[in-house]
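Student: Have a look at this one before I ask anything.
Okay, here's the thing in structure tokens:
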């Protein structure tokens, strides 16, 4: 009798494999040039190849082997250190060396923030956990530059060199920054913070006592924290190591056991006579850190857009190679509707993120762009980050059961997807911030209306939706309706960006999101949608 062969593998896609994330992404290539980052194209292109190859491979172990807290050494001395998989350090070295954290400051030319945004978007596709310390390091520089005495810290970021040694900042080749803003009793309400900052002789140094419930990237060289000084809530820079090499007065209590973001360490910390230096005026802590909030919110948008893009790439790869009911999944009419809809969503998320990056880039030179960036970062963060979890889940469904197992990468993306909607203020915080900007900052309202007006006459669905929105804007004072308003603003801004860009997805976006309203599910596009061209563009 012939043996029964039960383990022949057929109808399974090949491994996802290394790929060039730049060459496969027409939307990114066009956005970089359109928004003013074309001078940095070679830099971004080189990182796209590296992120989709070497870094994507390294990310598996960096994510799976989570950071470990060691509070004491073998002799019982307090060390408060976090150990990472070697791949994490290799990823950080590649990212920082390529400018993901410091390009904007190392090469401060027009378009540098746009190029750095493209780098962040590419990096998030490869290893999103490490994007947290990269974002904080990048965003801290405008705050540090407020104090001439802290210029060396900003220069350490601009050095674009990763130095993981646990030594004083003055001995490092390059620096990274973390944050400690929220406390157990307050969360987003940082005015409820109880950590005390007592001035030391000299005026700029303070002693900290208290705690932080989220102390991000605890192996960073320094941390921006908020504490109650005699003059009120104040921003301070807390070094990990004191100038003499001693560990500063903070104690890592535990690492957070998080839903996702596993490669990155987040901790709880207590301060016991910790040394910190004031940044900005006493009592102006919130105003001081606003310089970094715009940058961190932009990175939340870019991160969610990057997650969408990688999830879409995974789904396209699977559907191209998997057969069902006699033909490839990618040729099945209903699957084509889903994939095309995901492609439209992904490109719209990227397009708006890169448009906001241009506004951030121009903010120091153009007050109108600064006003637009102020409100658009909150609008974009709310909507794009809110869309990411459902998007990744839909991509999982394209793979079926295979999308639920770790080898597919999608479970990791799904765990990561909710983070950006929570970090830097959850959805309600963003919506309330939009209402404040519209009601209290005439320049932001004017800049937003001007941006939307630029796309008038390019699409009838857009024009009709804009007419309805203008009436709503005049009544934008009801907090209970803030989410509905910000959703409509986000969709209108995405449409305006795509239309002005002449994007091939613009008409489908306007029809499916503005004329018919956003569907509760992906894959409900009209039957005459150009499915083939949308999928072909997304596939690269």
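Residue numbers (this note's numbering): 6 to 545. Cβ atoms here follow ideal geometry from the backbone N, Cα and C, with glycine treated the same way. Since the model is a prediction, treat every value here as computed from it, not as a measurement.
1. Relative to the C-alpha of residue 179, which residue among 352, 101, 127, 284 is closest?
2. Exposed or buried, residue 330, counting other C-beta atoms within 10 Å across all chains shown (16 or more means buried)?
3. Just how far apart, CA to CA, sit residue 43 and residue 33?
4. Taking C-alpha atoms, which residue in 184, 242, 236, 493 lies nearest to residue 154?
5. What is the DSSP secondary structure of residue 205, reduced to helix, strand or coil?
6. Considering only residues of the same chain and omitting the five flanking positions on each side of residue 511, which have a CB-CB separation below 6 Å?
7. With DSSP collapsed to three states, give me the class of residue 484.
8. Starting from the Cα of residue 392, find the closest Cα among 433, 306, 362 and give me that residue.
9. Excluding five sequence neighbours on each side, which residues of the same chain lie with their C-beta closer than 6 Å to the C-beta of residue 419?
10. Would you tell me roughly how many angstroms separate the C-alpha atoms of residue 212 and residue 253, rounded to the nearest one?
11. Leaving out the 5 sequence neighbours to the left and right, which residues in its chain are closer than 6 Å to residue 73 when beta-carbon positions are compared?
12. Keeping to the same chain, check which residues put their C-beta closer than 7 Å to that of residue 118; ignore five residues upstream and five downstream.
13. Less than 6 Å between C-beta atoms, sequence neighbours within five positions excluded: which residues of the same chain meet that for residue 129?
14. How many whole angstroms separate the CB atoms of residue 145 and residue 297, which I take to be in contact at a CB cut-off of 8 Å?
15. Taking one C-beta from the region 159-171 and one from the region 192-201 each time, how about it: are there three or more such pairs within less than 8 Å?
16. Tell whether a beta-carbon distance below 8 Å holds between residue 235 and residue 152.
17. What runs of the alpha helix (DSSP H), each 4 residues or longer, lie entirely inside the region 16-47?
18. Would you mind stating whether residue 400 and residue 537 have Cβ atoms separated by less than 8 Å?
19. Buried or exposed: residue 189, going by 16 or more other Cβ atoms within 10 Å of its Cβ?
20. Cβ atoms of residue 439 and residue 294: under 8 Å apart, would you say?
21. Should the region 402-422 be regarded as contacting the region 366-381, the criterion being three or more beta carbon pairs within less than 8 Å?
22. Does the Cβ of residue 433 have 16 or more other Cβ atoms within 10 Å, making it buried, or fewer, making it exposed?
23. Could you check what DSSP says for residue 105 in three-state terms: helix, strand or coil?
24. Determine contact between the region 213-221 and the region 265-275, defined as no fewer than three beta-carbon pairs at a distance below 8 Å.
25. Give me the DSSP bridge partner(s) of residue 271.
26. Which same chain residues, not among the five before or five after residue 36, have their C-beta less than 7 Å away from its C-beta?
27. Scan the region 287-358 and note each continuous alpha helix (DSSP H) run of 4 residues or more that stays entirely inside, going in chain order.
28. Which residue comes first and which comes last in the beta strand (DSSP E) that contains residue 230?
29. Closer than 7 Å by C-beta to residue 90: which residues in its own chain qualify, once you throw out the five before and the five after it? Chain order, please.
30. Please state the DSSP three-state secondary structure of residue 110.
31. Rounded to whole angstroms, how far is the Cβ of residue 394 from the Cβ of residue 423, which I believe are closer than 8 Å?
32. My output table needs one value for residue 493: the three-state DSSP class, helix, strand or coil.
33. Quick one: what's residue 370 bridged to in DSSP?
34. Tell me whether the region 448-468 and the region 345-354 touch, counting them as touching only if at least three CB pairs, one residue from each stretch, are closer than 8 Å.
35. Here's a check: name, in chain order, each residue in its chain whose Cβ is nearer than 6 Å to the Cβ of residue 169, leaving out the five neighbours to either side.
36. Using only CA atoms, which one of 381, 474, 508, 490 lies nearest to residue 446?
Tutor: This is what the structure gives:
1. 101
2. exposed
3. 11 Å
4. 242
5. coil
6. 503, 504
7. helix
8. 306
9. Only residues of its own chain outside the window of five on either side were considered, and among them 397 have a CB closer than 6 Å to the CB of residue 419, listed in chain order.
10. 11 Å
11. Excluding the 5 residues flanking it on each side, residue 73 has same chain C-beta neighbours closer than 6 Å at 88, in chain order.
12. 109, 362, 365, 366
13. 136, 308, 311
14. 6 Å
15. no
16. Cβ distance not < 8 Å, so residue 235 and residue 152 don't count as in contact.
17. 31-39
18. no
19. exposed
20. no
21. Contact between the region 402-422 and the region 366-381 is absent, because fewer than three Cβ pairs lie under 8 Å.
22. exposed
23. coil
24. yes
25. 221
26. 355, 356, 359
27. 290-326
28. 227-234
29. The answer, listed in chain order, is 66, 67, 70.
30. In the structure shown, residue 110 sits in a helix (DSSP, three-state: H, G or I).
31. 5 Å
32. helix
33. Looking at the DSSP assignment, residue 370 forms no beta bridge with any residue, so it has no partner.
34. no
35. 94
36. 381
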